[in-house]
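Please read the structure below before turning to the comments.
Residue numbers (this note's numbering): 14 to 148.
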């Protein structure tokens, strides 16, 4: 197994739950110091790098969205140690008030049990297929 539990959680699931609580410190605890995080809905379009980048991600989310949460539908480890997450994202625009919902996925690479790098997938099944897993 390529990951270690932090507070009894898989780092991928724990990171998602920290996002739901808007808990920067908890999110950082699941991340490698050299994390490179690409958000499907990134405000700036650039990857968030390092622990300071994760903190900036939270600031960007809070500046753009009134609501931002994810429901984790599935977490699966591939044979190469990478991890796929399938999730339903819910968000509502701060200025427009318009709500959105979308099913997406990520493929995570971990290092020493921490999140190191992700590949976002707008089509959730593609995250599973990237690891030769059945959707």
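Glycine residues also receive a C-beta, built at the ideal position from the N, C-alpha and C atoms.
For residue 142, the uninterrupted alpha helix (DSSP H) run begins and ends at 137 to 143, by DSSP. Secondary structure at residue 34: coil, using DSSP grouped into helix, strand and coil. Contact between the segment 103 to 123 and the segment 136 to 147 is present: 3 or more CB-CB pairs across the two stretches fall below 8 Å.
For the segment 41 to 81, the full-length beta strand (DSSP E) segments reaching 3 residues or more read 44 to 50 along the chain. With fewer than 16 other Cβ atoms inside 10 Å of its own Cβ, residue 148 counts as exposed.
Per DSSP, reduced to three states, the secondary structure at residue 26 is helical.
Just so you know, the alpha carbons of residue 92 and residue 144 end up roughly 7 Å apart. Looking at 141, 39, 37, 65, the one whose alpha-carbon comes closest to that of residue 88 is 141.
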